[in-house]
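Trainee: When we follow numbering that gives the first Met the number 0, the leftmost residue of the sequence shown carries the number 0, and every step to the right adds one.
We put the beta carbon where it would ideally sit given N, CA and C, even for glycine.
Before we start, here is the structure in question, set down as structure tokens.
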Amino acid sequence: MNVVFPHLAQDVPEVVLGGTRHQVLGHEGGHLQVLDLEPLHDTTTLVREAPIADRDIIRLFWNRPFLVIVKARAIAIFHGRVQGVYFRAHCADRARELGLDGYVMNRRDGSVEAVFEGERAAIEECVEWNRTSQPNARVTSVDVRWSEPTGEFRGFEVLH
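Put into structure tokens, the structure is as follows:
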């Protein structure tokens, strides 16, 4: 999981922090960067006492929630009428549109396997789109197994 937001120790003006950048503590855990902000001033006082040009900057950083992007991997097996109907091509097009990496391939049992890596929300959207909106397919069920991303893919491929 990655936190996407200006790094408070580097990108936020010192007036927002109420002190020097080294007073902002940060630590990392796996793919999640956790920020501990210890402002030296009450934020309402800081906004009131700041020069007018800096007030909007302070409000921007103090009132904005952190945006968290969760990276994931999903192996999805699509069952139903999914072979011979351009399922793989449409699946790959949609995955690429959503910025996902991985592959899609036919299986011997008549199902289609897709491995998606990227933002979890995009993977969920792609699986749902393939389940409900494939133009020529009729998906009867989908088995999805979630795991940590491996980063082994660059782009999205149709395997034969």
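Measure the Cβ-Cβ separation of phenylalanine 77 and valine 141 and say whether it is below 7 Å.
Mentor: A contact, by the Cβ cut-off of 7 Å.
Trainee: For arginine 69, which three-state DSSP category applies?
Mentor: Checking the displayed sequence, the identity of residue 69 turns out to be valine instead of arginine. Three-state DSSP puts valine 69 in coil, outside helix and strand.
Trainee: Tell me which residue opens and which closes the alpha helix (DSSP H) that alanine 91 is part of.
Mentor: Here the alpha helix (DSSP H) through alanine 91 covers 86-96.
Trainee: Drop a sphere of 10 angstroms on the beta-carbon of alanine 88, count the other beta-carbons inside from all chains shown, and report buried for 16 or more, exposed for fewer.
Mentor: Result: exposed.
Trainee: Determine the DSSP secondary structure at alanine 120, reduced to helix, strand or coil.
Mentor: If DSSP states are grouped into helix, strand and coil, alanine 120 belongs with the helices.
Trainee: Hey, phenylalanine 86 and alanine 120: beta-carbon distance below 7 Å or not?
Mentor: Cβ distance not < 7 Å, so phenylalanine 86 and alanine 120 don't count as in contact.
Trainee: Hey, how far is the Cα of phenylalanine 115 from the Cα of glycine 83?
Mentor: About 21 Å.
Trainee: Sort Ser132, Val143, Gln133, Ala94 by Cα distance to phenylalanine 155 and report the nearest one.
Mentor: The candidate whose alpha carbon is nearest that of phenylalanine 155 is Ala94.
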